[in-house]
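Chemist: Sequences listed follow chains A and B, in order. If you read the first sequence in my numbering, its first letter stands for residue 5, the second for the next number, and so on. If you read the second sequence in my numbering, its first letter stands for residue 26, the second for the next number, and so on.
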Amino acid sequence: MSYEIPELGRPLPKLNADTEPWWAALKRHQLLVQTCSDCEMAIHPPRPMCPNCRSMELSWSPSSGKGSVYSWVIINRAFHPYFMEKIPFAVVLVEMEDGTRLVGSIDCENDQLEDGLPVEVTFDDVDDDFSMLLFRVVR
Amino acid sequence: MNDQLKRKTAIAGIGTTEYSFNSGRSEQRLAIEAINQALQEAGLTPDDVDGLVNSDYEATNQVDVVNAMGMQNIASFATIPHGGGSPCGAIAHAAMMVASGQCKCVVAYRSMNERSGHRYGSPEIPARYDWVYGLHAPYGLIVPAEWVAMHGRRRMIEFGETREQWAQVPLTCRANANNNPAALLHEKKLTLEDYLNAPILADPLCRYDYCLETDGAVALVITSAEKAESLASTPAYIHAAVQGMGHQIWYQSNYYGGSLTTGSENVAAAKQLWAKSGLTPRNIDVAQIYDHFTPAVLTSLEDYGFCEKGDAGGFVSDGNIGPDGELPINTAGGLQAEGYIHGWNLILEAVRQIRGTSSNQVRDVEFSLVTSCCGAPTSAAILSR
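Shown next, in the form of structure tokens:
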């Protein structure tokens, strides 16, 4: 893969063969979770071996996309030019139903955030190559 | 647990430059100044040095040290990884180099123009973020304070901690720095009102929850206990020095396995520390707790066993960490107020407490603890008189 990076655009990840399928799925608006074929443990971030049973038979399963807010940060002073005009903005850590946790953005007012707030995943298209996680509150 | 390192080695010399916002000198020069001072106070010369240890984040290459100082007897050298987790690991490795007989005199050092040069709290702006950084940067979590704030929030959720409680950490550090003429913030007072009125940068952290950015260097000389006793300085015996990796562990963003309010790396280091030292937290007279960000201090106090999990907010606000408290901490001002030499300056203060030369000297110190960074593979050491 090769990309032209828009100057000072949204920060993007650098992928490798272990992580590329997860990101490629996001682009298709699909959330996958790396899953151990032997013990069925859900694993994130993706890695070469299951840390639970040491199996290297790993596959990708669809995530339910549902979880709840576990913690969050509100950024009031941004360093990166892309985020300077977005302050104040929240970044959430969501605990998914499968037990993994994901960092993402959230589509709600900052003062709505609370521990356990139920959310589901949506996808924020960045460019032709990347989509990011954007959670929304489940009413 | 039988520990073959216990009291076999000692820190026989310490050296430091001034701490400043702009040293006006190269990091190489700072390193040499600190090493020179550490050797001189022990009555040693560069010819006596046969081992070198530094950190993976170190700016001064070991070859620049030997080339400048004319060291021709280096027999072993190591670089300890994981940034702020490395300082006490450097002590541990230096102690192993000496106790194993590979070396007689090891210099460990850290130099940085971290304020006037490359600032760790400012973002590099790469096109791409690799590793776990790539999972966070696209959403705006880019610098360490922002990563740690996620852990801090979780402390408030789980334990009901308040900013009034958190304030006791920076207030304690600052008051200690106000007594320490070498501290970068020696002349700057901090009040609870200042803390509570400060802008919240990465909510829930305000600027006073952050460590400083500092130019400076520190160095240590580690020899056998026997040799240290023959030297000019007062030995600070290395009673125990350990590392702990933890699981699962990334850098300041341990979001993906287990608790956000326990440092598995701290727990791993603490388990070894108490087993190998034969001590318990009650034996510790004074502690230098790595204070890059306030909530990490609270988590560390619990993980090392100074209070129960979830009780650190009460522990720090009940007067336990001040100079007359149950566990005086960061008696030179810590990384928040003395200076931030990536945790290495905490070791020097731990030595001063053994020597009886701290500007906030605790009475009758027998065991002096120093910890390295919570939130990365870490390390800790107990020095004794």
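Even glycine gets a Cβ: it sits at the ideal position worked out from N, Cα and C.
Strictly below 7 Å CB to CB, what residues from chain B border histidine 48 of chain A?
Modeler: Tyr281, listed in chain order.
Chemist: List the residues of chain B whose Cβ lies closer than 7 Å to the Cβ of leucine 35 of chain A, in chain order.
Modeler: In chain order: nothing, as chain B lies at least about 13 Å away.
Chemist: Can you find a C-beta in chain A that's less than 9 Å from the C-beta of glycine 288 of chain B?
Modeler: So, not an interface residue.
Chemist: Decide if glutamate 8 of chain A is buried, meaning its Cβ has at least 16 other Cβ atoms within 10 Å, or exposed.
Modeler: Low confidence applies here, because glutamate 8 of chain A scores a pLDDT of 49, under 50, leaving its location unreliable and the question unanswered by this model.
Chemist: Whole angstroms are fine: how far does the CA of serine 404 of chain B sit from the CA of glutamine 116 of chain A?
Modeler: In a straight line, the C-alpha of glutamine 116 of chain A is about 39 Å away from that of serine 404 of chain B.
Chemist: Since glycine 108 of chain B and tyrosine 82 of chain B are thought to touch, with beta carbons under 8 Å apart, how far apart are those beta carbons, to the nearest angstrom?
Modeler: Right, their Cβ atoms sit about 5 Å apart.
Chemist: Output needed for tryptophan 26 of chain A: all residues of its chain with C-beta closer than 6 Å, excluding positions within five of it in sequence on either side, in chain order.
Modeler: Excluding residues within five positions, the ones whose Cβ falls inside 6 Å are Leu36 and Pro50.
Chemist: Check whether the Cβ atoms of threonine 39 of chain A and leucine 19 of chain A sit closer than 9 Å, and answer yes or no.
Modeler: For threonine 39 of chain A and leucine 19 of chain A, no; Cβs fall outside 9 Å.
Chemist: Sorted by chain position, which residues of the same chain lie with C-beta nearer than 7 Å to glutamate 374 of chain B's C-beta, five sequence neighbours on each side aside?
Modeler: Here the set comprises Gln313, Thr356, Ala357 and Ser383.
Chemist: Is the CB of histidine 143 of chain B under 9 Å away from at least one CB in chain A?
Modeler: Closer than 9 Å: no.
Chemist: Restricting to runs no shorter than 4 residues, where is the alpha helix (DSSP H) found entirely within the stretch 71-146 of chain B?
Modeler: Qualifying alpha helix (DSSP H) stretches, in chain order: 87-94 and 112-124.
Chemist: Would you kindly check if the distance between the Cβ of arginine 135 of chain B and the Cβ of valine 243 of chain B is under 9 Å?
Modeler: Result yes, Cβ atoms of valine 243 of chain B and arginine 135 of chain B sit closer than 9 Å.
Chemist: So, are the CB atoms of serine 342 of chain B and glutamine 127 of chain B less than 9 Å apart?
Modeler: No.
Chemist: How would you list, in chain order, the residues of chain A whose beta-carbon sits under 8 Å from the beta-carbon of valine 157 of chain B?
Modeler: Correct list: Pro49.
Chemist: Would glycine 71 of chain A pass as an interface residue toward chain B - the criterion being a Cβ-Cβ separation below 9 Å?
Modeler: No - not a single Cβ of chain B is within 9 Å of the one on glycine 71 of chain A.
Chemist: When the Cβ atoms of the stretch 345-354 of chain B are set against those of the stretch 206-216 of chain B, are three or more pairs found closer than 8 Å?
Modeler: As far as the Cβ criterion goes, the stretch 345-354 of chain B does not touch the stretch 206-216 of chain B, which means the pair count is below three.
Chemist: So what does glutamate 99 of chain A bridge to, in DSSP terms?
Modeler: BP columns for glutamate 99 of chain A point to A/Ser72 and A/Arg105.
Chemist: Which word fits histidine 161 of chain B, buried or exposed, when buried means at least 16 other C-beta atoms lie within 10 angstroms of its C-beta?
Modeler: Buried.
Chemist: For a quick check, are the C-beta atoms of alanine 120 of chain B and alanine 293 of chain B less than 9 Å apart?
Modeler: Not in contact: alanine 120 of chain B and alanine 293 of chain B (Cβ atoms no closer than 9 Å).
Chemist: Threshold first: 4 residues or longer. Then list the alpha helix (DSSP H) segments lying entirely within the stretch 166-246 of chain B, N to C.
Modeler: As far as the stretch 166-246 of chain B is concerned, its whole alpha helix (DSSP H) runs of at least 4 residues are 169-184, 188-203 and 217-222.
Chemist: Of all Cβ atoms in chain E, is any one closer than 9 Å to the Cβ of tyrosine 164 of chain B?
Modeler: Absent from the structure: chain E. Protein chains present are A and B.
Chemist: Buried or exposed: which applies to isoleucine 91 of chain A, given that a residue is buried once 16 or more other Cβ atoms fall within 10 Å of its Cβ?
Modeler: Isoleucine 91 of chain A is exposed by the Cβ-count criterion.
Chemist: Name, please, each residue of chain B whose Cβ falls closer than 8 Å to the Cβ of proline 52 of chain A.
Modeler: Simply none; closest approach about 14 Å.
Chemist: Roughly how many angstroms lie between the CA atoms of isoleucine 99 of chain B and methionine 122 of chain B, to the nearest whole one?
Modeler: Straight-line Cα distance between these residues: approximately 12 Å.
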